[in-house]
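Accompanying notes for the structure given below.
Residue numbers (the numbering used here): 9 to 632.
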């Protein structure tokens, strides 16, 4: 009797990975992929497999760990989000030229709509660029099932294979059938040869590897024409079709929901689950049999680009489908009807929603740092010391310090340090020195991810700036994962080794390293000034580690310091709102006074140091 469970899409993928016999899994967390690796560890424990499950310090590290396991003949997987593949692009592109010894699955979660990302990139392009096969699931069940087939394709063609879910697949919930673990008889082995297959010099690449890769890609494309009818199939219209739709991944599920809500049976749908390489004959046959065809895929026109004659199709390539929007059900419904030459029936639902929001006093709250977050006073100490400082920030929770006007730049993981180096060199090129303070800020996990190379470069080249490391002892923004600085691991009975942050910084050659309690704002203003004076005078980086545990993820018991706003002293300057931005502080627009919002205040007491006129004061016992 089969067993089923309601699983998140990421859990379904993880279950498939363990059931398929994967023996080495590595990842770096990033929404929407973060839950996959912990779920692999969970199912490995439940199913009593010996799967090795580890966080890598970054995605390149995770990819190379998994790749190394395939060299030894093991089924392995590397898990990351779409911008993580940018980090792992070097080994990813190189490994596409290899003939691997074991099945290798790279799971890359794309984020259409940029719900938790700085790009909307489509990693199917990466698969096409590397000439490797890609599976694009439409729901949680299919995502789990595709894991098995992706491994089979990987081993059949000795190629890295991509599973590419998107946010709504990763985070959907669906009843999923649970299976048993495949028993694979493949003990670790690595046969050393004089001309090893995992060493490709340029001459060999041109003569052997690249021709092999291209021939292999063509064979996979031929295979995809017929091998996976469960992923690539047509849902025909009843009678003559008034429109043909080609839909890939989550768009297929959304199209089918739209047709059901519209009660339309006159539209044919071609589902594509293997978009790279595209089963081109199947697609072109479908196009030839329909007068009008529209393509829905996320995020870019990857399917459309592989069709030799696009003149007969409507899609993103020619503006019939918007290039910049996530294809949610309302968007797909709208463009389906436009393709049919019909207008959507008018609805007052939006007006009703807006009226309800007005009556209830609801408004959109921009994302901001949690109450009591140590990052907030850390940034305040920098801005109090040097209001005009250039502050280059990074990817992580501290990105939200934008809401307190604390930071100036964000690019990618670790780029705060290298951008600060560039800022220093720009001023040096003008011969004006470093009179304006330059700061870089990033988190502890991000420092291990991609900060050390930039810092080492800055030390080597004597770049004068201050690096503030916001150490909350966790990878907070992606869900609270561990990293080398915590030493903890996710598997039961497994212990890691702590790599102390201070030692890692000193190992990069930094001489000035100070560790401070993030809440001690008054003291930290002086430390910030001292650090900048050192960096400027000695012409080398100085590092301050602002340390306070994440209250939300680590559930730290906070010492209570009740505060209030003295209404007589408050002048309504909004400094506490605009430059501290704690949810526990609010502003009465009628009275033009700040006040404590007790719904959110955790009584950390840090805001006492913020008010320029001293209106935020401790609550005395006789005040309670």
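Just so you know, even glycine gets a beta-carbon here, dropped at the ideal spot from N, CA and C.
Helix, strand or coil, according to DSSP, for residue 550 in the structure here? By one-based count along the chain shown, residue 550 stands at place 542. Under the three-state reduction of DSSP output, residue 550 falls in the strand class.
Quick one: Cα of residue 574 to Cα of residue 587, how far? Taking the chain shown and counting its residues from 1, the one referred to as residue 574 is at position 566. Taking the chain shown and counting its residues from 1, the one referred to as residue 587 is at position 579. For residue 574 and residue 587, the distance between alpha carbons rounds to 19 Å.
Local Cβ density within 10 Å of residue 123, reported as buried at 16 or more and exposed below that: As a first step, residue 123 must be located in the chain shown, where it is residue number 115. Burial call: exposed.
Compute the distance between the beta-carbons of residue 408 and residue 376, then report whether it is under 7 Å. Counted from its first residue, the chain shown places residue 408 at position 400. Counted from its first residue, the chain shown places residue 376 at position 368. Contact flag set, yes.
Per DSSP, cross-strand counterpart(s) of residue 39: Along the chain shown, one-based indexing puts residue 39 at 31. Looking at the DSSP assignment, residue 39 forms no beta bridge with any residue, so it has no partner.
C-beta contact flag for residue 444 and residue 310 at 7 Å: Within the chain shown, numbered from 1, the residue matching residue 444 stands at position 436. Within the chain shown, numbered from 1, the residue matching residue 310 stands at position 302. Going by C-beta atoms, residue 444 is not nearer than 7 Å to residue 310.
With DSSP as the reference, label residue 77 as helix, strand or coil. Position 69 of the chain shown holds residue 77. Three-state result, residue 77: helix.
Is there a C-beta anywhere in chain B that falls below 7 Å from the one on residue 133? Of the protein chains in this structure there is only one, and it is not chain B.
Let me know the secondary structure DSSP gives residue 394 once reduced to three states. Against the chain shown, residue 394 aligns to sequence position 386. Residue state, collapsed to three classes: coil.
Could you give the residue range of the alpha helix (DSSP H) that holds residue 461? In the chain shown, residue 461 corresponds to position 453, counting from 1. It spans 460-469 - the alpha helix (DSSP H) in which residue 461 sits, taken as one unbroken run.
Can you tell me whether residue 536 is buried or exposed, with buried defined as 16 or more other CB within 10 angstroms of its CB? Here residue 536 refers to the residue found at position 528 when the chain shown is read from its first residue. Flag for residue 536 reads buried.
For the structure I just gave you, are there three or more beta carbon pairs, one from the segment 151-163 and one from the segment 240-258, closer than 8 Å? No contact exists between the segment 151-163 and the segment 240-258.
Which value, in whole angstroms, describes the spacing of the CA atoms of residue 5 and residue 540? No statement about residue 5 is possible, as the shown extent of the chain runs from 9 to 632 and does not include it.
Could you give the first and the last residue of the continuous alpha helix (DSSP H) run that contains residue 514? The residue labelled residue 514 in the question sits at position 506 within the chain shown. Note, residue 514: alpha helix (DSSP H), 509-515.
Are the segment 521-534 and the segment 70-85 in contact at 8 Å, needing three or more beta carbon pairs? The segment 521-534, when compared against the segment 70-85, does not touch it at the 8 Å Cβ threshold.
Per-residue DSSP class, three states only, for residue 449: Position 441 of the chain shown, counted from the first residue, corresponds to residue 449. Strand.
If you draw a straight line from the C-alpha of residue 465 to the C-alpha of residue 98, how long is it? As a first step, residue 465 is located in the chain shown; it is residue number 457 there, counting from the start. As a first step, residue 98 is located in the chain shown; it is residue number 90 there, counting from the start. If I take the Cα positions, the gap works out to 20 Å.
CA-to-CA distance, residue 76 to residue 208, given in whole angstroms: For the purposes of this step, residue 208 is identified with residue 200 of the chain shown, where counting begins at 1. For the purposes of this step, residue 76 is identified with residue 68 of the chain shown, where counting begins at 1. If you take the alpha carbons of residue 208 and residue 76, they lie about 15 Å apart.
Taking all protein chains shown into account, decide if residue 568 is buried (16 or more other Cβ within 10 angstroms of its Cβ) or exposed. Walking along the chain shown from the start, residue 568 turns up at place 560. Exposed, because fewer than 16 other Cβ atoms sit within 10 Å of the Cβ of residue 568.
DSSP puts residue 183 in a beta bridge; with which residues? In the chain shown, residue 183 corresponds to position 175, counting from 1. According to DSSP, which records beta bridges pairwise, residue 183 is partnered with 14.
Which value, in whole angstroms, describes the spacing of the CA atoms of residue 26 and residue 44? In the chain shown, the residue the question calls residue 26 occupies position 18. In the chain shown, the residue the question calls residue 44 occupies position 36. Straight-line Cα distance between these residues: approximately 11 Å.
For residue 628, which residues of its own chain have a beta-carbon under 8 Å away from its beta-carbon, when the five flanking residues on both sides are left out? Numbered from its first residue, the chain shown carries residue 628 at position 620. Within the same chain, residue 628 has no close Cβ partners at all.
Pick helix, strand or coil for residue 419, following the three-state DSSP scheme. Working through the chain shown from its first residue, we reach residue 419 at position 411. Three-state DSSP puts residue 419 in coil, outside helix and strand.
Sequence-distant residues of its chain with Cβ nearer than 7 Å to residue 603 (five each side left out): The residue given as residue 603 occupies position 595 in the chain shown. Cβ within range, chain order: 573, 594, 596.
When DSSP labels each residue in this structure, what does residue 564 get in the three-state scheme? Position 556 of the chain shown, counted from the first residue, corresponds to residue 564. Coil at residue 564, not helix or strand.
Burial state of residue 265, where buried means 16 or more other Cβ atoms lie within 10 Å: Within the chain shown, the letter at position 257 stands for residue 265. By the 10 Å Cβ count, residue 265 comes out exposed.
In DSSP terms, what residue 230 is bridged to: One-based indexing of the chain shown puts residue 230 at position 222. Looking at the DSSP assignment, residue 230 forms no beta bridge with any residue, so it has no partner.
Curious, which full-length beta strand (DSSP E) runs of at least 3 residues does the segment 580-613 contain? 593-596, 601-604
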